[in-house]
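Each remark here refers to the structure printed beneath this line.
Structure (structure tokens):
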């Protein structure tokens, strides 16, 4: 922080503490928010599945100024000029565990609850190294899932139908042969999956490359004949219309395919339960952008704090957290069922398999070829289709028996 202000020099000559005091005493943020609420357009789109829009950026500005007044040596200011027309300033803490230490010191017991917390190595390090909590005082509990063994199928697919490796690393993502094999994999898999399918890509760039490839090759039209297709864009302005339209299409007999990005608006906070998500495909391993200035600073800090190799382990943990967050969008209740497909030859790596939640890891099949994966997929949905038909048939028999009993009682009363 001191280095940041030193670089600014006389460019900023404002007493930030005094400015914060003025914002607090005048309640300017609240007044402007009420003013905006009063005079904003009255037409709003209600969608409980999307996060509310922040209509008062002044609150964010106030929080940013407050962060600038902190005396943390582990803080950094990130200047993002990727979009020249929309440059951004971000305040980041390289060591959030310092804030956790304040909470730990003020309480007798602390319980952290979460649905997607694995891997927990970084959190354990924060407790033991920063908060100085002995290992014997830390209890970790991870329960299984409420679903039965037949309700989830997870398959890692390392080869396409042409028996070529699905190596979707950064170097191969523009390869025509790899993109063709990926497109053929999509077509063969999608045709066997009922209702809604969600495919997550590591980045908007890779998603865009794949879409352009399948449009030019004709594979897009083949996919569209099997499912109605929806694509998340970087701008994200149409998500209010994509989600409800996808929901309506997913529950039809034809179904729908949604192609989205890990870390995008459609990968977090939305539940693809039941027909909305009978399958989630992870296309490639969602490693974060290693060229990001923010990530480089974090990795450098972790390396300096925890020793050699810690930066790479931190990088892998970020990948696993993104992976688990995305594939956990399906299977939302005890009667739900779905398939998780991991499309990349790298998913056979040990650290990726070990980093999955136990309830997924226990059901994971590392397929040796595409035919094996396709056969398991067909068998899974055929089983659930049969069970669904039997359940409907049983319900019809029950209704028929109830009606016959009621008619019989009516006859007795008539006599």
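Numbering (UniProt numbering), first residue to last: 1 to 415.
The beta carbon of each residue, even a glycine, is placed where N, CA and C say it ideally should be.
Grab the span of the alpha helix (DSSP H) containing residue i for me, first residue to last.
i           : result
residue 102 : 97-106
residue 58  : 57-68
residue 113 : Per DSSP, residue 113 belongs to no alpha helix (DSSP H) and is neither H nor E.
residue 30  : 28-39
Indicate the three-state DSSP secondary structure (helix, strand or coil) for residue i in the structure shown.
i           : result
residue 150 : coil
residue 265 : coil
residue 130 : helix
residue 124 : helix
residue 90  : strand
residue 18  : helix
residue 340 : strand
residue 259 : strand
residue 283 : strand
residue 402 : helix
residue 357 : coil
residue 141 : coil
residue 222 : helix
residue 52  : Low confidence applies to residue 52: its pLDDT is 48, below 50, so where it sits in the model is not reliable enough to give any reading.
residue 244 : helix
residue 397 : helix
residue 376 : helix
residue 289 : coil
residue 235 : coil
residue 273 : coil
residue 369 : coil
residue 386 : helix
residue 135 : helix
residue 435 : Only positions 1 to 415 of the chain appear in this structure, which leaves residue 435 out of reach.
residue 437 : Here the chain covers residues 1 to 415 and nothing more, so residue 437 does not appear.
residue 298 : helix
residue 346 : helix
Return the first residue and the last residue of the beta strand (DSSP E) that residue i is part of.
i           : result
residue 75  : 75-80
residue 198 : 196-201
residue 364 : 364-366
residue 228 : 228-231
Let me check understanding here. Comparing Cα to Cα, which of the options lies closest to residue i?
i           : options            : result
residue 187 : 169, 227, 157      : 227
residue 99  : 80, 117, 74, 115   : 74
residue 229 : 257, 184, 209      : 257
residue 424 : 190, 189, 163      : Summary: the structure shown does not reach residue 424, with the chain confined to residues 1 through 415, and so no result is reported for it.
residue 129 : 149, 110, 153, 97  : 97
residue 283 : 321, 173, 266      : 173
residue 147 : 198, 333, 115      : 333
residue 320 : 310, 355, 346      : 355
residue 363 : 210, 154, 318, 294 : 154
residue 272 : 326, 19, 57, 25    : 326
residue 388 : 314, 376, 337      : 337
residue 19  : 61, 31, 287        : 61
residue 83  : 234, 63, 253       : 234
residue 202 : 252, 127, 290, 145 : 290
residue 205 : 222, 170, 379      : 170
Residue i and residue j look like a contact to me (Cβ under 8 Å); what is the Cβ gap, rounded to whole Å?
i           : j           : result
residue 330 : residue 263 : Between residue 263 and residue 330 the Cβ distance is about 18 Å, and since that is not below 8 Å, they are no contact.
residue 367 : residue 231 : Actually they do not touch by this definition, with Cβ atoms about 27 Å apart.
residue 343 : residue 185 : 6 Å
residue 90  : residue 80  : 7 Å
residue 142 : residue 358 : 7 Å
residue 121 : residue 306 : About 10 Å; that fails the 8 Å criterion.
residue 250 : residue 196 : 3 Å
residue 199 : residue 259 : 5 Å
residue 370 : residue 192 : Between residue 192 and residue 370 the Cβ distance is about 12 Å, and since that is not below 8 Å, they are no contact.
residue 299 : residue 311 : 4 Å
residue 182 : residue 160 : 7 Å
residue 376 : residue 392 : Residue 376 to residue 392, Cβ: 25 Å. No contact.
residue 374 : residue 189 : 7 Å
residue 286 : residue 323 : 6 Å
residue 138 : residue 127 : 6 Å
Shorter than 6 Å, the distance from the beta carbon of residue i to the closest heavy atom of the ligand GTP, or not?
i           : result
residue 130 : Judged by which ligands are present, the structure shown has none, so any question about the ligand GTP falls away.
Q: Please go through the region 156-217 and give each complete alpha helix (DSSP H) segment of 4 or more residues, from N-terminal end onward.
A: 176-190, 204-217
Q: Output the residue ranges of the alpha helix (DSSP H) runs that lie fully inside the region 303-338 and measure 4 residues or longer, sorted by chain position.
A: 310-327
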